[in-house]
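In the working numbering, the protein residues as written are 1 to 81.
Ideal Cβ positions, reconstructed from N, Cα and C, are used throughout, including at glycine.
Values in this document were obtained by computation on a predicted structure and should not be read as measured data.
Taking it in order: structure first as structure tokens, then the write-up.
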Amino acid sequence: MLQQSNNTEKANPRVLSGWISRGELATELGVCVDTLGRWEARRTGPPCVRAGRKVLYRRAVVQRWLENQETPPTSKKRGRK
């Protein structure tokens, strides 16, 4: 019976796998939870989902959001001397 339970878990991953909480994301980004709240209010941060009082972020979406925040390297124009 235990074996069958393990197979079921592999076939049906946990509902929240791939999602992280606001606190976890704040820790990973090195910002405070309030900053993520401000970003949400201004719609400048990564998209999130609210489930009751819990705010969740999909890891893949946060990674894409971070990639979109990249700025291209600036080329320094040097005048001739």
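Practice problem: Please work out which residues of its chain come closer than 7 angstroms, Cβ to Cβ, to L36, disregarding the five sequence neighbours upstream and downstream, and give them in chain order. | Solution: If we look at L36 and ignore the five residues flanking it on each side, its Cβ neighbours are R22, L25, A26 and G45.
Quiz item: In chain order, what residues of the same chain have a beta carbon less than 6 angstroms from the beta carbon of V55, not counting five sequence neighbours either side?
Solution: Excluding sequence positions up to five before and after V55, its CB lies within less than 6 angstroms of the CB of R22 and C48, all in the same chain and listed in chain order.
Quiz item: In chain order, what residues of the same chain have a beta carbon less than 7 angstroms from the beta carbon of V61, not counting five sequence neighbours either side?
Solution: Excluding residues within five positions, the ones whose Cβ falls inside 7 angstroms are P46 and P47.
Quiz item: Between the C-alpha atoms of V15 and D34, what's the straight-line distance to the nearest angstrom?
Solution: Whole-angstrom Cα-Cα distance: 26 angstroms.
Self-check item: Opening and closing residue of the alpha helix (DSSP H) in which W22 lies
Solution: According to the sequence provided, residue 22 is Arg. The question's Trp does not apply to it. Where R22 is concerned, the enclosing alpha helix (DSSP H) stretches over R22 to L29.
Quiz item: Which residue comes first and which comes last in the alpha helix (DSSP H) that contains V61?
Solution: Residue range R59 to Q69 is occupied by the alpha helix (DSSP H) that includes V61.
Practice problem: Put V33 into one of helix, strand or coil per three-state DSSP. | Solution: Residue state, collapsed to three classes: helix.
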